[in-house]
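A quick write-up on the structure given underneath.
Chains as they are written, first to last, in my numbering: chain A, 1 to 351; chain B, 1 to 480.
In structure tokens, the structure reads:
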């Protein structure tokens, strides 16, 4: 390495980066350091992973249950979806959404608004933003609600163990979650108004929207492809989990007089979750790692911003690639440690 | 008549219910069919939202009316049993039927009716449908990348020969059956490598070596044949000494160029591409990742702490990082750690990187199989006096591998689907070629056709692989 004239060190992280990033959650321009560029990339990676995980879980659970339906049409539709989307490379899907599907959207000036406030254009998805006064009080009220729900849950469990009386925890928690933030609106001085995006002319034929939040097409296509692709695997996990609960369990539960809802909630789901969670965690990890494909369509994630632009500018290959790899490594190891803990918690406690 | 109940069919008026229901369902499907195929809205006299929901409401009522426990009519019973078990299912079934009918005409017209395939320039694509001419013109590029047109017979010939050699196993007689494993694991990959090395590339592309490295490698190979007593010392001392001696004492500096066939034109790996490159990369990665993964999984269960923690470290590292950064590493970082007199082509580097990456996943899958075997199998094998390798090869691995066929197949599928990522190092297989063709100023605006084409190809390949693995699983399934 020495004879190639390469020096080694992490001092470059505090240097001025002098490049710009199109889309970032925190403020960033050329005068910020390389470390801040790293943060921008990391946050963008986390953003797209979280969006992808949420949508993949929702779609995956719905499709997995549809796959178990005794309705032939629903069953087949779900099967076709799963077989189709999981046999096509993810990169191809991302390209498809980004270069083919989203490019067919109308220009900003021709867009018909959805429900009057959402604008889906070729330049991105413009959604209205909330403008808050005293946002912190609102957040405190939600945190207070969550903490009190946890206490009520503990109390309810204790009461059931001691006296055998069930407390309606669910309705109380929903009530708390609605009432406390509502109180903060009435008495805490919290105020929210909606800022709708408005069209604005930039030049003779260039239009854009101002105000509100802009979701760039890169983010949309990446999140779409990631969630549709990963959902197929999650659907299979869900199907395997529900099928893994033996019929005798359901029959035994029904025979001691539980209602169908109780059978599902108290007998089937806890056992199915035990089978579903480990492989699903793996899929979440895969999704997070796959989000690095963002580099292919220029969504400024960790790989593109840091291992791409910053590497080209500084030429410090070893340091930058090692930092990038360590970041992904620690992300996935921390998720897997958390999931192992959770898994251990819900595992069958054998005597 | 006084007991007529509209919510539940009753016995006396059964036929009335049936006929009304069938007519309503047929009517609703007919309305949607006319609307989507012939663009005729026969209920347009109704106000907007009602005419939109009317087919759904009619069909829903119709399905409700024909829902009878047992009618004796085969067709009706199978409808009731499969798509019409309750109100919710009936609603969803109707929705799916209508969506399919609605989406058929646009799909048909895009794919077939309004599509163009004749001609050989962009001008023929005037219709609103797909322009398959684009695929036709670029077909060679999508299949062979930048490989010179005149030389493409070399790829075809190699692939056909390899496919033929690959099917030999099906024709082998009972006498040769026992050599098949050896053939597929050792001989066939070597033949495939020689085909690609001498025939497809036809030039000094893969490695440039100095005499020192050649001598070191040969001495390692020889090392496997010497008595085990000295093996350890031999491996530690001889190759390194040879390398240092040849490089610094005798000064054999000039590089050897391997793999030159005089008659054939040399095609560098940068020009390879398209679907053939997908096949080449997947083939070699499949071959390499399996044994590496096998050894890693055995290493993870080893009693020697060094081997054990080395394997755990390898597995967790490769599983924890995304493939794209591994490829980055292989293209940017890896060359820095090589000796100066050694050059490794980027295709080889990519194959090494992907193999190591997928090997970690294979290792975890195989470990699952190893853990699923009861301890008794190990104890039984040991009590027969088998050593470690004999025990694993004859008793443990055949059972464990049989258990994990689906998992290994999934990993292999993931590998094939990961090959497009090699665009990171500048190798363009089919998806990369599509992106290149898409930006050609002559052929702008046909991205959709290209991606649909590639999706269909990949779907066929992957679906066939998954079906084959399912067959394999059924074939080797034994009751336990």
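C-beta atoms are modelled at their ideal positions from N, C-alpha and C, and glycine is treated no differently.
Closest in alpha carbon position to residue 458 of chain B, among B:130, B:143, B:67, B:30, is B:143. Residues of chain B with a Cβ closer than 9 Å to the Cβ of residue 339 of chain A do not exist, since the nearest Cβ in that chain sits about 14 Å away. Sixteen is the threshold: when 16 or more other Cβ atoms of the shown chains lie within 10 Å of the Cβ of residue 55 of chain B, as they do, the residue is buried.
Boundaries of the alpha helix (DSSP H) around residue 138 of chain B: 132–144.
Counted as a single uninterrupted DSSP element, the alpha helix (DSSP H) harbouring residue 142 of chain A occupies residues 135–163. For residue 209 of chain A, the beta-bridge partners assigned by DSSP are A:199. Inter-segment contact for the stretch 418–434 of chain B and the stretch 267–282 of chain B is present: three or more beta-carbon pairs are separated by less than 8 Å. Considering only beta carbons, the part of the stretch 301–331 of chain B lying closer than 9 Å to chain A consists of 316, 317, 319, 320, 321, 322, 323, 324, 325, 326, 328, 329, in chain order.
One finds 70, 71 in chain A with Cβ atoms closer than 9 Å to the Cβ of residue 85 of chain B, taken in chain order. C-alpha of residue 215 of chain B to C-alpha of residue 237 of chain B: approximately 13 Å in a straight line. It is roughly 16 Å from the alpha-carbon of residue 195 of chain A to the alpha-carbon of residue 208 of chain A. Counted as a single uninterrupted DSSP element, the stretch harbouring residue 127 of chain A is not any alpha helix (DSSP H) but the beta strand (DSSP E) occupying residues 124–127.
The DSSP-derived three-state label of residue 16 of chain A is strand. Among the CB atoms of chain A, one or more fall inside 8 Å of the CB of residue 89 of chain B. Pairing residue 368 of chain B with residue 407 of chain B gives a Cβ-Cβ distance under 8 Å. At a cut-off of 8 Å, the C-beta of residue 325 of chain A has a neighbouring C-beta in chain B. By the C-beta density criterion, residue 291 of chain B is exposed, having fewer than 16 other C-beta atoms within 10 angstroms.
DSSP links residue 130 of chain A through a beta bridge to A:194. Residue 350 of chain B is positioned such that its CB atom lies no closer than 8 Å to that of residue 416 of chain B. Taking C-beta atoms under 8 Å as the contact rule, residue 420 of chain B and residue 328 of chain A fail to qualify, at a distance of about 20 Å. When 7 Å is used as the limit between beta carbons, residue 462 of chain B is near these residues of chain A: 87, in chain order. Straight through space, the alpha carbons of residue 61 of chain B and residue 86 of chain B are spaced by roughly 12 Å. For residue 92 of chain B, the C-beta contacts it makes with chain A under 8 Å involve 71, 73, 74, in order along the chain.
At a Cβ-Cβ threshold of 8 Å, residue 13 of chain A and residue 33 of chain A count as neighbours. Taking a C-beta distance under 8 Å as the contact criterion, residue 200 of chain B and residue 160 of chain B do not qualify as a contact pair. When rounded, the separation of the alpha-carbon atoms in residue 322 of chain A and residue 461 of chain B is 35 Å. One thing to note: residue 53 of chain A has its Cβ no nearer than 8 Å to the Cβ of residue 224 of chain A. For residue 232 of chain A, the enclosing alpha helix (DSSP H) starts and ends at 217–244. Scanning B:401, B:392, B:70 for the CA closest to the CA of residue 364 of chain B turns up B:401.
Taking the C-beta atoms as reference points, residue 93 of chain B is found no nearer than 8 Å to residue 101 of chain B. A straight-line Cα-Cα distance of about 44 Å links residue 179 of chain B and residue 78 of chain A. DSSP, read as helix, strand or coil, puts residue 280 of chain A in helix.
A direct Cα-to-Cα measurement between residue 336 of chain B and residue 373 of chain B gives close to 44 Å. Going by DSSP, residue 57 of chain A is part of no beta strand (DSSP E) but of the alpha helix (DSSP H) stretching over 34–67.
Its chain contains 469 as the residues whose beta carbon lies nearer than 6 Å to that of residue 409 of chain B, once the 5 sequence neighbours on both sides are disregarded; these appear in chain order.
Annotation: the continuous alpha helix (DSSP H) that includes residue 324 of chain A extends over 317–346.
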